[in-house]
Each structure stands twice: as C-alpha cells, then as structure tokens.
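A.B. asks: Going by the numbering used here, the first residue of the sequence shown is number 39, and it counts up by one from there.
Note that CB positions come from ideal geometry on N, CA and C, so glycine has one too.
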Amino acid sequence: MELLFWLSLALVVYIYVGYPIVIKLLAACPKKVAFDEVHQPTVSILIAAFNEEKEIESTIRNKMALDYPADKLEIIVVSDESEDRTDEIVETIAKDSPISIKLVRQVPRKGKTSGLNLIVPEATGDIIVFSDANSLYAPNALSELVKNFADIQVGYVTGKMVYTTEDGSLVGDGCSSYMKYENWLREQETQVGSIVGVDGGIDAMRRVLYETLNADQLPDFVQPLKVAEKGYRVIYEPNALLKEEALDDPDREYSMRVRVSLRALWALHDMRQLLNPLKHGVFSFQLISHKLLRYLAFIPLLWVFIANCYILDEGAIYVLALIGQLAFYGLAYKGKQHTTDDDAPVYYTLPYYFTLLNVACLHATWRYIKGEKQVIWKPRAG
C-alpha cells in the first residue's frame, strides 16, 4: 500500500506540477508565429443558438461593433429549433444591419455540432469564427485572432476567456486561478508548437480545414485536433479577449462540467490515433499529459486517499498526509457554501473548484464506460 500511495501521489504531482515544468522546458526554444497586425481576411462568425432570446441581441450587436471592416465580415446564426423569440430577434437585427446577418433554422433539433455542420457550407469567409450565443468579445478581439493566420502554418486560433459575474466583474479566485493556470499552459504549448485545448467561445480556423463531425462530437475539441493532425498549428492568442458570464449555481456548473468532460472523453476516443507518441511525438505527449491524464486524475487522487487510510500506522508522515487531505476537502466543502460570494478567499474557492472538476470527471467517466453520449442540452444548465 505504501508503494501504491507514493506512485499515485507522484502521478498527481506530475499531472498538475510536473507537466507544466516539462512543457516550460520544452518551450525554451520557442516556435514563433509570423503574425501580421494588418492581416484582415474575410471572416464568417458562426453562432449556434437554442432559446437565447435573453442573450442573442447583445451577442450579435457585440459582433457588429467589432473593430473590423464591415465588408469583410458576416454573421450566421443557426437556431436549433428555438421555441422562443430567438429567430425573430435575429431577423429583426438583420434587416437594418450594415453587416450581412443570416439566420438558418435547424429542424428537428440536433444540437450544436450538427448546427455548425449545417451552416459552414453557407459561410463565405476565409476564416470561420465560433462564438457562443452569450459570448461578448473585446472590440479588437477579432483582429487579434485573425492576424495569426498570416502565418501559413497556423490553422486554428483560440482566444482568452474571462468569466464575469452578472455585474461584469471578474469571478472569484478559484475559477480565475484555474483559468490563469490553463492559459499559462496554453502560452507554453503555443511556443512548443500547438495547444491541445481551446475555450470554444472565441475560436477561429481556416474554413478549408473544417471537417463535418458526428452530432455527438465536441467541435471545440475535435476540430482543433483534426487541424493539428493535418500538420497545422493550433495556437493561443491572449490578446483576443472574451467575457462570458459564469454560472452562479453550483449544480449548473457541475452539470456543465460533467457534460463537457463526457464529450471530451469521447473526443479522445474518436481521436485516439493522436495518443501514439511514436507517430505524433511531442503533441501526443501533450495530449496524454494535459488532457487524458487530467480527465483521469481522480483515479490517483482516490488511491492516494484510500492507500493513506491503510498505512496510517507506518509513520507520522502518513498521519499528516491524511490530515492534509481531509483539511483540503474540508476547505472544498466550505468553498461550495461560498460560491456566490465574490470576495470568498482563494483557500476556499480553489479547493472547491479543483474538487468539483475531478468529481465531474469521475461522473463523466462512469457515463463514458456505460456508453452514454450527450448531443443536446439546455444552454448554461448542463
């Protein structure tokens, strides 16, 4: 049991600390991106929406106000058989818009991935940009994204997402600390070559590289993997900023994390050929370390706790280790009680967010083992 404890602990440390150290070392000789600040290709912004009457107008007007030439921009909204005023709102805005706005209705309801498959053939832009129905971009976000496509090796670019509260202020330290950690990893991975994870609400890719996906596949995971498989770079652009309102309900946050984790596990299953380091080298190592092991981190975490309970009489260090684990999860429980407090201390919120993610991955893995897939869902409700 002692060996199991130390091996499991070593794996946990590698996943969250060791891999970042290794990727930082690999980034010592960075691969530059030959971006061009004045590069302005034609762009199609694609928005998938289902019952978004509360958000869709502000989202579309946000895209209309972007600092980008109107004659090089179009917006296409696919309504996934919306039952509210979403379609009416889009059509009303389109009538007086200086930018081309098109509504495509998907019937019957098939989910986001099928919706994107439906409207990509309608797009005329050299670059397609994926926006969520509640995503608000900074004025220069689009320009910052597309400048990177001046580099012919770049096939996919993701921006930086910042979660905010209803009044527009940043969310608590737990989530923001995790996002800072993830964004730092993306910066290092970009310097190595390609990143293995994107945000989804502010992504851009060359239209010619888009591949039709199955309805159950996660587009903002599978598409960039397919781009990387073709030999193009998938990179992170920190100056392309997206603000998105965070979920204020722990249950909704948990449901969303389970859904995303489940679809990501199936994406890794579908793209498992990329997990072969003999063929895909460093990118495969990144995908295994940053994604596969991260989604399965709950396994060594459980074994650390279980093994620790069995070896308490082997020395004081194991007693202290168990006390430390119990204290950490106790702080996580306390953090759950303060999820709506904007000023909740990080020593509450970070353990809570860490625990929530790993429990959600456990739940998602169980559903994956049972063969479950999730194609459609209610926006921001899981």
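Give the range of the alpha helix (DSSP H) segment to which Ser293 is assigned.
C.D. replies: Pro288 to Asp308 is the extent of the alpha helix (DSSP H) around Ser293.
A.B. asks: Quick check: the Cα distance between Ile114 and Ile85, rounded to an integer number of angstroms?
C.D. replies: Ile114 and Ile85: Cα-Cα distance of roughly 6 Å.
A.B. asks: Output the boundary residues of the alpha helix (DSSP H) element that contains Glu91.
C.D. replies: Counting along the chain, Glu91 falls outside any alpha helix (DSSP H), and DSSP gives it neither H nor E.
A.B. asks: Throw me the rounded Cβ distance for the Tyr216 and Tyr333 pair, which I believe falls under 8 Å.
C.D. replies: Between Tyr333 and Tyr216 the Cβ distance is about 15 Å, and since that is not below 8 Å, they are no contact.
A.B. asks: For the stretch 157-170 against the stretch 234-244, do three or more pairs of beta-carbon atoms, one drawn from each stretch, fall closer than 8 Å, so that the two count as touching?
C.D. replies: Verdict: yes, contact present.
A.B. asks: Who pairs with Tyr194 in a beta bridge, going by DSSP?
C.D. replies: Bridge partners of Tyr194: Met243 and Val272.
A.B. asks: Report the residue from Tyr371, Leu339, Lys372 and Gln375 whose alpha carbon sits nearest the alpha carbon of Leu360.
C.D. replies: Here the closest residue by C-alpha is Leu339.
A.B. asks: Return helix, strand or coil for Lys408, following the three-state DSSP convention.
C.D. replies: Lys408: coil per DSSP, three-state reduction.
A.B. asks: What residue range does the alpha helix (DSSP H) around Ser322 cover?
C.D. replies: Start and end: Pro315 to Gln324.
A.B. asks: In the DSSP assignment, what residue or residues form a beta bridge with Arg143?
C.D. replies: Its beta-bridge partners are Ser117.
A.B. asks: At what residues does the alpha helix (DSSP H) containing Ala259 begin and finish?
C.D. replies: In the sequence under discussion, the amino acid at residue 259 is Phe, which differs from the Ala named in the question. Unbroken alpha helix (DSSP H) run through Phe259: Pro257 to Glu267.
A.B. asks: Do you know whose CA, among Glu90, Glu282 and Cys399, lies nearest Lys329's CA?
C.D. replies: If we check each option's Cα against that of Lys329, Cys399 comes out closest.
A.B. asks: How many Å lie between Ser427 and Lys69 at the Cα?
C.D. replies: In the structure as shown, the chain begins at 39 and stops at 420. Residue 427 is therefore absent and cannot be evaluated.
A.B. asks: Taking the alpha carbon of Pro58 as the reference point, which residue from Asn221, Ala365 and Leu256 has its own alpha carbon closest?
C.D. replies: Cα-wise, what sits closest to Pro58 is Asn221.
A.B. asks: Starting from Ser46, follow the alpha helix (DSSP H) in both directions and report where the run begins and ends.
C.D. replies: Here the alpha helix (DSSP H) through Ser46 covers Glu40 to Val51.
A.B. asks: How big is the Cα-Cα spacing for Leu364 and Ala370?
C.D. replies: So the two alpha carbons sit approximately 10 Å from each other.
A.B. asks: Can you name the residues that DSSP bridges to Met199?
C.D. replies: Note: Met199 sits in a beta bridge opposite Leu280.
A.B. asks: Only counting the same chain, and skipping five residues up and downstream in sequence, which positions put a Cβ closer than 7 Å to that of Leu306?
C.D. replies: Excluding residues within five positions, the ones whose Cβ falls inside 7 Å are Lys329 and Leu330.
A.B. asks: Between the stretch 343-359 and the stretch 311-327, do three or more beta carbon pairs fall short of 8 Å?
C.D. replies: With a cut-off of 8 Å, the stretch 311-327 and the stretch 343-359 do not count as touching, because too few Cβ pairs lie within range.
A.B. asks: Do you know how far the Cα of Lys317 is from the Cα of Glu267?
C.D. replies: About 11 Å.
A.B. asks: Inspect the CB distances between the stretch 48-55 and the stretch 137-144 and report whether three or more fall short of 8 Å.
C.D. replies: No contact exists between the stretch 48-55 and the stretch 137-144.
A.B. asks: Who are the near neighbours of Gly153 in its chain, counting only those whose CB is closer than 7 Å to its CB and skipping five residues on each side?
C.D. replies: The residues are Ala86, Val116, Asp118 and Gln144.
A.B. asks: By DSSP, does Glu112 sit in helix, in strand, or in coil?
C.D. replies: Here Glu112 sits in strand by DSSP.
A.B. asks: Give every residue of the same chain whose Cβ lies closer than 8 Å to the Cβ of Val357, excluding the five residues on either side of it in the sequence, and list them in chain order.
C.D. replies: Answer for Val357: Leu350, listed in chain order.
A.B. asks: Give the DSSP-derived three-state secondary structure of Ile137 in the structure shown.
C.D. replies: DSSP places Ile137 in coil when its eight states are reduced to three.
A.B. asks: Is Phe73 helix, strand or coil when you go by DSSP?
C.D. replies: Correct three-state label for Phe73: coil.
A.B. asks: Quick one: grab the DSSP three-state call for Val234.
C.D. replies: Reduced to three states, the DSSP call for Val234 is coil.
A.B. asks: Go through its chain and collect everything with a Cβ distance to Ala176's Cβ below 7 Å, but skip five positions before and after it.
C.D. replies: Once the five neighbours on either side are set aside, the close Cβ partners of Ala176 are Leu279.
A.B. asks: For Leu104, name the three-state secondary structure that DSSP assigns.
C.D. replies: Note: Leu104 maps to coil in three-state DSSP.
A.B. asks: Using beta carbons (cut-off 7 Å, strictly below), is Val115 in contact with chain B?
C.D. replies: Among the chains of the structure shown, chain B does not appear; only one protein chain is present.
A.B. asks: Using a 10 Å radius around the Cβ and a threshold of 16 neighbouring Cβ atoms, would you call Thr162 buried or exposed?
C.D. replies: Thr162 is exposed by the Cβ-count criterion.
A.B. asks: Just verifying my parser: in three-state terms, what is the DSSP assignment at Leu156?
C.D. replies: If DSSP states are grouped into helix, strand and coil, Leu156 belongs with the helices.
A.B. asks: Between which two residues does the alpha helix (DSSP H) carrying Ser173 extend?
C.D. replies: Element bounds for Ser173: n/a, residue is neither H nor E.
A.B. asks: Determine the burial state of Gly269: buried for a count of at least 16 other Cβ atoms within 10 Å of its Cβ, exposed for fewer.
C.D. replies: With fewer than 16 Cβ atoms within 10 Å of its Cβ, Gly269 is classed as exposed.
A.B. asks: Mark Gly373 as exposed unless 16 or more other C-beta atoms lie within 10 angstroms of its C-beta, in which case mark it buried.
C.D. replies: Buried: at least 16 other Cβ atoms inside 10 Å.
A.B. asks: Could you tell me which of Arg99, Leu388 and Phe343 sits nearest to Glu112, measuring between CA atoms?
C.D. replies: Considering only alpha carbons, the answer is Arg99.
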